[in-house]
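Read through the structure below, which is laid out as structure tokens, and then see the notes.
Protein chains: 2
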Amino acid sequence: MSEGQSLPSWSDGAPKSAILDFVARVTKQGGSEFVAPSERVATFDNDGTLCCEQPLQTQFFFAFGRVKDLAAKDPTLAERQPFKAVLEHDYSTLFGLGKQALYELAFATHAGITDEEFIEVAREWLATAKHPKFGRLFKQCVYRPQLELLAYLRDHGFKTYIVSAGGADFMRAFVDEAYGVPREQVIGSSVKLRYEGGGERVSLSKLSELNLFNDREAKALSIGLHIGRRPMLAFGNSDGDLPMMRYAKSGSGARLALLLHHDDAERETAYDREFRLSPLSEALDKARDYGITVVSMKRDWKAVF
Amino acid sequence: MSEGQSLPSWSDGAPKSAILDFVARVTKQGGSEFVAPSERVATFDNDGTLCCEQPLQTQFFFAFGRVKDLAAKDPTLAERQPFKAVLEHDYSTLFGLGKQALYELAFATHAGITDEEFIEVAREWLATAKHPKFGRLFKQCVYRPQLELLAYLRDHGFKTYIVSAGGADFMRAFVDEAYGVPREQVIGSSVKLRYEGGGERVSLSKLSELNLFNDREAKALSIGLHIGRRPMLAFGNSDGDLPMMRYAKSGSGARLALLLHHDDAERETAYDREFRLSPLSEALDKARDYGITVVSMKRDWKAVF
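Here the protein sequences line up with chains A and B, keeping their order. Numbering-wise, this note's numbering puts 208 at position 190 of the first sequence, and it's gapless, one number per residue. Numbering-wise, this note's numbering puts 58 at position 40 of the second sequence, and it's gapless, one number per residue.
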């Protein structure tokens with residue numbers, strides 16, 4: 019495929035040009051901006067950047083199902099917050115808890131099994147669970163232009179990582195199939211694990227205690243811990259991604275930071291500042307100052323799914 | 019190269035046969051034990067498994083140089099422990115501190131610079147620093163049979179990781195050159211990082227506070243966090259590696275856990291239980307129970323360097 023045919027679901031315009039130009043410069047052998055393949059790292063947020071996050075991030079639907087199971091065993095749960103709000107789909111009350119508290123609630127419902135068991139349980143759920151608005155499997159509510167971009171970057175020697183506030187183990191259940199990203203290239207929020215070495219089979223069990231909530235500055239810090247290398251390209255869609263985008267963009271040499279703006283009520287959803295769980299506000303206001311390229315879903319993508 | 023010519027620095031014997039047999043079984047298309055390349059993960063300890071750790075792990079020589087620099091600025095340091103012991107090469111006192119405390123001391127001397135600056139400083143040091151006994155560069159005190167094994171595994175679709183109690187950023191300064199392992203496939207001990215976003219250039223600065231001491235059970239737990247997949251092969255040389263070896267070995271399907279025994283005073287060093295900083299005792303006693311293959315440096319390696 020010639021470069022002119024790359025990224026077919028991206029409309030011609032500034033973001034597509036910026037991507038093609040950036041990749042051309044850093045991969046041009048002998049060019050002044052050439053970067054060795056081993057140093058080509060690209061990091062992507064997950065929810066809202068690679069897949070739908072409205073009305074809620076996928077893993078909340080999964081976790082809430084688990085609350086339902088727990089409530090079936092203990093009916094008093096339905097009278098207590100935040101479980102009551104979960105069971106009544108009362109998003110206003112849930113969003114009032116704040117992003118981290120809501121994730122912690124979700125993670126807590128996964129405690130008591132091993133990481134390996136958890137991934138199997140999540141896989142089973144993902145095999146049939148459908149998005150309430152789009153009617154397709156959650157794991158298929160992924161953006162076609164982003165799949166093209168991930169593949170395009172890999173074709174040009176980049177290692178593609180997912181760096182998300184979502185739970186790492188939940189993402190590990192589908193990222194290979196959905197995005198072609200291997201499990202070990204997922205950096206997410208996590209609960210503490212406990213080493214179970216008493217029996218014949220050693221295993222790691224998931225506890226209800228948070229290990230890391232991987233949002234905002236934590237995204238840059240966890241890239242330092244896991245990858246040990248500043249990304250050359252970062253793609254996000256909310257204020258939670260701003261530190262990662264700034265970290266990537268402010269390194270030496272050619273750099274690219276991209277911000278997806280959901281402005282497409284017709285094909286997907288239009289939202290930014292008012293999404294209490296994960297607003298896009300500061301990043302939008304400061305995109306120009308930080309040299310971040312804003313991608314309009316409506317204008318810059320020919321197709322969404 | 020035919021399989022018979024693989025691992026030329028390994029002597030014929032049980033460990034070499036176990037490796038060749040294991041790799042043949044899991045890579046045989048259509049075989050009952052075939053494992054997809056995406057699931058082939060091998061984890062190696064670093065100090066004492068891939069390179070010399072006697073009389074001390076390489077990074078202590080580096081850190082102690084830093085103490086020397088600090089003492090030049092503040093002569094009172096030379097009167098205070100543990101700095102006094104460092105400056106006098108008093109290993110007995112230093113080992114008495116215990117493994118974690120000694121690593122923490124080392125890490126503390128690296129605080130106050132960014133992770134990127136640290137790797138450059140370590141690279142500069144490694145470019146000229148020589149091992150006191152072998153007279154060669156530290157980064158060349160790596161075991162030839164292990165370089166062959168790492169390459170052999172990669173040639174057969176394995177992703178090779180280093181999982182060490184050593185500082186991740188220090189290892190990141192040389193693992194690519196020394197072992198062909200990329201920086202992002204290093205899991206080690208770490209200090210906390212701080213996000214510095216005040217200026218134009220965002221950076222991550224290293225603090226003196228420990229984030230994780232990656233030894234014993236922590237090795238298995240950090241594999242869960244970083245890789246999210248149980249290794250199929252694990253190679254270690256001390257009790258600190260035993261949980262990782264058991265974790266790898268006790269999974270389903272074909273598995274291999276290997277333990278290097280330093281019993282070669284002539285070509286390298288002979289030590290096990292008495293090395294206070296990182297003893298090999300329990301792992302040696304229980305190797306048979308856990309199905310761990312013991313590799314004798316003297317008997318199983320034709321060449322060391």
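Built from N, CA and C at the ideal position, the CB exists for glycine as well. Bear in mind that the values here come from a model prediction, so they are computed numbers and not experimental data.
Item: Amino acids of chain A, ordered along the chain, whose beta-carbon sits closer than 8 Å to that of L243 of chain B; Value: A186, S208, L211 and N229
Item: Cβ of Y265 of chain B within 7 Å of any chain A Cβ; Value: yes
Item: Pair within 7 Å by beta-carbon distance, R285 of chain B and V322 of chain B; Value: yes
Item: 6 Å CB neighbourhood of E196 of chain A in its chain, flanking five on each side removed; Value: In the sequence on display, residue 196 of chain A carries Ala and not Glu. Within the same chain, A196 of chain A has close Cβ partners K157 and V160.
Item: Inter-residue spacing [alpha-carbon to alpha-carbon] between D194 of chain A and R201 of chain A; Value: 7 Å
Item: Per-residue DSSP class, three states only, for V41 of chain A; Value: helix
Item: contact_flag[the stretch 54-65 of chain B, the stretch 173-185 of chain B] where n(CB pairs < 8 Å) is 3 or more; Value: yes
Item: For A183 of chain B, three-class secondary structure by DSSP; Value: strand
Item: Nonlocal neighbours in the same chain, by C-beta distance under 6 Å from S223 of chain B, ignoring five residues either side; Value: T132, R212 and E214
Item: T127 of chain A: first and last residue of the uninterrupted beta strand (DSSP E) it sits in; Value: Careful: T127 of chain A lies outside any beta strand (DSSP E) and carries neither H nor E.
Item: Neighbour-count burial assignment, S207 of chain B, 16 or more Cβ in a 10 Å radius; Value: buried
Item: Length of the line joining the Cα atoms of P26 of chain A and F80 of chain A; Value: 33 Å
Item: Spatial distance of R317 of chain A from A89 of chain A (CA atoms); Value: 45 Å
Item: Close Cβ partners of M19 of chain B (< 6 Å) along its chain, the five nearest in sequence each way excluded; Value: Because the pLDDT at M19 of chain B is just 48, under 50, the model does not fix this residue reliably, and the value given afterwards should be weighed accordingly. Here the set comprises nothing.
Item: Where the alpha helix (DSSP H) containing E166 of chain A begins and where it ends; Value: R162 to D173
Item: Inter-stretch contact (C-beta, 8 Å, three-pair minimum) for the stretch 135-154 of chain A and the stretch 39-47 of chain A; Value: no
Item: Proximal residues to R84 of chain A (C-beta, below 6 Å), its chain only, five neighbours per side dropped; Value: T127
Item: Contact with chain B by D307 of chain A, beta-carbon distance below 7 Å; Value: no
Item: Nearest neighbour of F82 of chain B, chosen from B:D307, B:E122, B:D65 and B:E166 [CA to CA]; Value: B:E122
Item: Contacting residues, own chain, Cβ-Cβ under 6 Å from L240 of chain B (five flanking each side not counted); Value: The sequence shown places Ser at residue 240 of chain B, not Leu. Around S240 of chain B: I205 and N232.
Item: R291 of chain A: contacting residues in chain B (beta-carbon distance under 9 Å); Value: Going along chain B, no residue has its Cβ under 9 Å from R291 of chain A, so there is no contact; the nearest lies around 21 Å.
Item: Partner residues on chain B for D133 of chain A, Cβ-Cβ distance less than 8 Å; Value: G242 and G246
Item: Proximal chain B residues relative to C219 of chain A, where beta-carbon distance stays under 7 Å; Value: According to the sequence provided, residue 219 of chain A is Arg. The question's Cys does not apply to it. The answer, in chain order, is S268.
Item: Check whether Q77 of chain A and G184 of chain A have beta carbons under 7 Å apart; Value: yes
Item: DSSP three-state assignment for I205 of chain A, whether helix, strand or coil; Value: strand
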